[in-house]
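Going by numbering that gives the first Met the number 0, the sequence shown opens with residue 0, and the numbers climb by one from there.
All C-beta atoms in this analysis are idealised placements derived from N, C-alpha and C, irrespective of residue type, glycine included.
Everything below concerns the one structure shown next.
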Amino acid sequence: MSWTNYHTHSYFCDGKFAPEEHVKEAVKQGLYAYGVSTHSPVPFDSSWNMKMEEVPRYVKEVRQAAEAYKNDIQVYLGMEVDYIPNIVGCSSDFIQKAELDYTVGSIHYVDQFPNGKPWEIDGPHQLFLDGLSTIFHNDIRAAVERYYELTRHMIQYDCPDVIGHLDKIKMQNEDGNLFSEDEGWYRDAVEETLEVIAQSSAIVEVNTRGLYKKATDTPYPSPWILEKILEKNIPICLNADSHIPTEITKGFSEAAHILKEIGFNQLHILYNGEWQGVDFDTKGLKMLNH
Ligand SMILES: [Zn+2]
Ligand SMILES: [Zn+2]
0 MSWTNYHTHS YFCDGKFAPE EHVKEAVKQG LYAYGVSTHS PVPFDSSWNM KMEEVPRYVK
60 EVRQAAEAYK NDIQVYLGME VDYIPNIVGC SSDFIQKAEL DYTVGSIHYV DQFPNGKPWE
120 IDGPHQLFLD GLSTIFHNDI RAAVERYYEL TRHMIQYDCP DVIGHLDKIK MQNEDGNLFS
180 EDEGWYRDAV EETLEVIAQS SAIVEVNTRG LYKKATDTPY PSPWILEKIL EKNIPICLNA
240 DSHIPTEITK GFSEAAHILK EIGFNQLHIL YNGEWQGVDF DTKGLKMLNH
């Protein structure tokens with residue numbers, strides 16, 4: 000038994016190694032499908048987003064790897080697309096032109112510093128504190144509510160196939176010293192966002208990167224959010240957000256255990272060109288015909 004993973008990075012952004020090196024490891028581990036989701040370009044300086052001029056080479060390399068390993072694994076071309084209102088999103092021209100197989104939509108940037116520089120909410124903690132102080136006058140509630148508001152806007156106006164690391168902002172709250180996930184306002188922000196997701200066709204990813212990088216004690220999203228996702232019948236997929244080949248299924252058994260405890264029976268996978276639900280346990284997907 001094995002897995003799938005559609006949230007992966009390579010040397011086109013802040014990952015390591017060529018897409019092909021990751022695909023080789025995926026074949027070695029017997030994955031049924033593997034998606035490459037390099038960080039989309041953005042129209043400002045960024046150390047971890049792909050450069051716009053690299054997009055054609057990226058598309059070519061991933062398609063070539065897909066062809067080369069087609070007898071062993073299904074390889075899909077995606078991107079992790081930033082959503083920044085009026086600046087970039089899944090409907091941006093260059094995304095459309097790339098003819099991707101799927102998109103992961105993520106909020107990494109929340110508003111801007113007075114000098115116009117977008118504020119990265121999942122960068123170094125000090126950068127987070129700087130933006131919190133400069134843009135939000137140290138009002139953590141306002142900052143977190145804005146993060147979820149942008150998530151809702153992305154889903155309503157520029158919906159991706161997969162919603163990346165839904166509650167990633169919690170990584171900055173390591174000791175719970177900024178806010179508590181039990182606070183009413185936080186629960187309301189999440190609930191309102193889930194209502195919007197339930198009205199869409201988007202899949203929520205369960206992302207294990209925080210777990211295996213020890214940045215968080217729980218996957219993105221937290222188990223109490225996953226309970227609500229199950230209640231609302233929102234489809235989920237399991238992704239590693241891997242940056243090196245050895246990470247491509249890291250944390251999956253642990254996350255699958257949490258999901259089974261909550262009561263999930265299916266994960267959504269992109270297979271034979273279509274998103275579909277498949278049964279799973281802590282060892283992998285229960286694929287028929289495999
Ligand atoms: Zn991300
Ligand atoms: Zn990522």
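### Segment limits, alpha helix (DSSP H) that includes P113
By 1-based counting over the sequence shown, the position of residue 113 is 114. P113 -> no alpha helix (DSSP H), and no H or E assigned at all.
### Task
Check whether the stretch 104–119 touches the stretch 50–66, counting contact only when three or more Cβ pairs, one atom from each stretch, lie closer than 8 Å.
no
### Proximal residues to I224 (C-beta, below 8 Å), its chain only, five neighbours per side dropped
Translated into the one-based positions of the sequence shown, residue 224 becomes position 225. Result list for I224: L165, D166, V189 and L193, in chain order.
### Task
Indicate, with yes or no, if ligand 1 has a heavy atom lying under 8 Å from the CB of K167.
Locating residue 167 in the sequence shown gives position 168, counting from the first residue. Yes, Cβ of K167 sits closer than 8 Å to a heavy atom of ligand 1.
### Query
Using CA coordinates, which residue listed in T207, P159 and R145 is at the minimum distance from D187?
By one-based count along the sequence shown, residue 187 stands at place 188. Per the C-alpha coordinates, the member of T207, P159 and R145 positioned closest to D187 is R145.
### Message
What does the alpha-carbon distance come out to for the pair K27 and F263?
### Response
Indexing the sequence shown from 1 puts residue 27 at position 28. Indexing the sequence shown from 1 puts residue 263 at position 264. Cα-Cα distance, rounded: 28 Å.
### Query
Under three-state DSSP, which class holds F135?
Stepping through the sequence shown from its first residue, residue 135 is reached at position 136. Reduced to three states, the DSSP call for F135 is helix.
### Query
Does the Cβ of V103 lie closer than 8 Å to at least one heavy atom of ligand 2?
The residue given as residue 103 occupies position 104 in the sequence shown. V103 Cβ: within cutoff of ligand 2.
### Query
In the structure shown, what three-state DSSP assignment does F251 receive?
Locating residue 251 in the sequence shown gives position 252, where the first residue counts as 1. The answer is helix: DSSP assigns F251 an H, G or I state.
#### Entry: Burial state of T245, where buried means 16 or more other Cβ atoms lie within 10 Å
For this step, residue 245 is matched to residue 246 along the sequence shown. By the neighbour-count rule (16 or more Cβ atoms within 10 Å), T245 is not buried but exposed.
### Message
Does the structure place the stretch 29–41 close enough to the stretch 249–264 that three or more beta carbon pairs sit under 8 Å?
### Response
no
### Query
With burial defined as no fewer than 16 other Cβ atoms inside 10 Å of the residue's Cβ, what is the status of N4: buried or exposed?
The residue given as residue 4 occupies position 5 in the sequence shown. The residue in question, N4, is buried, as its Cβ has 16 or more Cβ neighbours within 10 Å.
### Query
Terminal residues of the continuous beta strand (DSSP E) containing I235?
Numbered from its first residue, the sequence shown carries residue 235 at position 236. Residues I235 to N238.
### Task
Quick one: which unbroken beta strand (DSSP E) runs of 3-plus residues sit fully inside the stretch 38–97? Chain order, please.
73–81, all fully within the stretch 38–97.
#### Entry: CA-to-CA distance, C236 to Q265, given in whole angstroms
In the sequence shown, the residue the question calls residue 265 occupies position 266. In the sequence shown, the residue the question calls residue 236 occupies position 237. Using only the alpha carbons, I get a separation of about 9 Å.
### Message
For K169 and T215, I'd like the C-alpha separation in whole angstroms.
### Response
Numbered from 1 along the sequence shown, position 170 holds the residue referred to as residue 169. Numbered from 1 along the sequence shown, position 216 holds the residue referred to as residue 215. Using only the alpha carbons, I get a separation of about 8 Å.
### Query
From V74 to Y270, what does the alpha carbon distance come to, in whole angstroms?
In the sequence shown, the residue the question calls residue 74 occupies position 75. In the sequence shown, the residue the question calls residue 270 occupies position 271. About 9 Å.
### N-terminal and C-terminal residue of the beta strand (DSSP E) that E204 is part of
Taking the first residue of the sequence shown as 1, we reach residue 204 at position 205. Where E204 is concerned, the enclosing beta strand (DSSP E) stretches over I202 to N206.
### Message
Assuming the contact rule is C-beta atoms closer than 8 Å, Y101 and G77 should be a hit. Round their C-beta distance to whole Å, please.
### Response
As a position in the sequence shown, residue 101 is number 102, starting the count at 1. As a position in the sequence shown, residue 77 is number 78, starting the count at 1. Right, their Cβ atoms sit about 5 Å apart.
### Task
Please confirm whether any heavy atom of ligand 1 lies closer than 8 Å to the CB of D160.
Here residue 160 refers to the residue found at position 161 when the sequence shown is read from its first residue. No, Cβ of D160 sits at least 8 Å from all heavy atoms of ligand 1.
### Message
Measuring alpha carbon to alpha carbon, tell me which residue in L258, K259 and N238 is nearest K249.
### Response
The residue labelled residue 249 in the question sits at position 250 within the sequence shown. If we check each option's Cα against that of K249, N238 comes out closest.
### Beta carbon nearer than 5 Å to a non-hydrogen atom of ligand 2
E79 and D240
### Message
Does the distance between the C-beta of H164 and the nearest non-hydrogen atom of ligand 1 fall short of 8 Å?
### Response
Mapped onto the sequence shown, residue 164 falls at position 165. H164: yes, Cβ under 8 Å from ligand 1.
### Query
In the DSSP assignment, what are the bridge partners of L269?
Your numbering for residue 269 matches position 270 in the sequence shown. DSSP output for L269 lists W274 as bridge partner(s).
### Query
Around the C-beta of Q171, are 16 or more other C-beta atoms found within 10 angstroms, so that it is buried, or is it exposed?
The sequence position of residue 171 within the sequence shown is 172, counting from 1. By the 10 Å Cβ count, Q171 comes out buried.
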